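In our numbering, the protein residues as written are 800 to 1100.
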């Protein structure tokens, strides 16, 4: 008796899994920039190489580093607006609109709107980090910190100027993430410090107290140390050499800061190096330069 074959689906090939046609839930891809990425199709979820589909939720103010991907990408905005800068040209994709970024074109994605942007991203072939060619963002330079301690009746009016001057000097020296302390004092205070630390019982113009090297891994800014400036001596020297008090203080600050950084003027070669550094900061000859110049002229005669 002949048996009739039953109708129905063909048997699956050994080892072959039945595809999941309806995708209700994707996989959340961890991010550190506040953006939510849920991939439904792609390398991280279904193992698909030909394309990827993901839903994105970008908070306001979000942006990504520039990339030049090896895949085409289509974005479908559900809510909010998405900014695309493709090869330097800015375009806004609004709610209900589609945008396309062809492969091998440099693009920057951002959400410049007031609210979150909810959108789908479709990439072909599938998104992979190694195919995205994401550019490294330049690291922001750590800000310097300058503190000024005032222990002189006239010091308050110099506080802002000295702070700005110190920040300018640190910038010219290409220093970042540093902390510098400056004290504006009188002759009595600086004489006491000079006697205690240098065994010289007299007032002076400027003293430097380097912080020294801290252990590696110490948190916080790099401590440079303290610069102590006598405003009493600055007033006398400014009058004697017919300079303004502001320029005299600037000379002391440049000199003291360079000492904190290891500059010295005991030997002629070191003095010339420090004189050049002072001139770089001040735009003119400084304390060491003025001391070196007469000796240089004497050697030439």
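Ideal placement from N, C-alpha and C gives every residue a C-beta, glycine not left out.
Predicted model only: the values in this text are computed from it and were never measured.
- At a Cβ-Cβ threshold of 8 Å, residue 880 and residue 912 count as neighbours.
- Inclusion of residue 1052 and residue 1026 in the CB contact set at 8 Å is warranted, their separation being smaller than that value.
- Taking residue 962 as reference, the option from 1020, 841, 905, 983 with the minimal CA-CA separation is 983.
- Inter-segment contact for the segment 945-958 and the segment 1022-1038 is present: three or more beta-carbon pairs are separated by less than 8 Å.
- The way I'd put it, the segment 1031-1039 does touch the segment 1000-1011; three or more beta-carbon pairs between them come closer than 8 Å.
- With a threshold of 16 other beta carbon atoms within 10 Å, residue 936 falls short and is exposed.
- The beta carbons of residue 885 and residue 900 sit closer together than 8 Å.
- Between the alpha carbons of residue 1046 and residue 939 lies a gap of roughly 32 Å.
- For residue 837, the three-state secondary structure derived from DSSP is strand.
- The three-state reading of DSSP puts residue 1062 in coil, since its state is none of H, G, I, E or B.
- For the 8 Å CB-CB criterion, residue 1074 and residue 1091 form a contact.
- The residue from 846, 895, 905, 968 with its alpha-carbon nearest to that of residue 868 is 905.
- The three-state reading of DSSP puts residue 855 in strand, counting E and B together.
- The criterion of a C-beta distance shorter than 8 Å is satisfied by residue 837 and residue 825.
- Comparing alpha carbon positions, the residue from 923, 823, 974, 928 closest to residue 1057 is 974.
- Just so you know, the alpha carbons of residue 1085 and residue 1078 end up roughly 6 Å apart.
- The shortest C-alpha to C-alpha distance from residue 943 to any of 903, 969, 1037 is the one to 969.
- The Cβ neighbour count for residue 932, taken over all protein chains shown within 10 Å, is under 16; the residue is labelled exposed.
- With contacts defined as CB atoms closer than 8 Å, residue 922 and residue 839 fail to qualify as a contacting pair.
- Taking each of 861, 829, 925 in turn and checking the Cα distance to residue 849, the smallest one comes out for 925.
- Taking C-beta atoms under 8 Å as the contact rule, residue 907 and residue 863 qualify, at a distance of about 7 Å.
- Spanning the alpha carbons of residue 829 and residue 835 requires a straight line of approximately 8 Å.
- The Cβ atoms of residue 915 and residue 857 sit closer than 8 Å to each other.
- For residue 884, the pairing in a beta bridge is given by DSSP as 889, 907.
- For residue 980, the three-state secondary structure derived from DSSP is strand.
- Runs of the beta strand (DSSP E) lying entirely within the segment 980-1043, each at least 3 residues long, are 1005-1009, 1021-1029 in chain order.
- The alpha-carbon of residue 989 is positioned some 32 Å away from that of residue 941.
- Taking residue 994 as the centre and dropping the five residues before and after it, the same chain places the C-beta of 1000 closer than 6 Å to its C-beta, in chain order.
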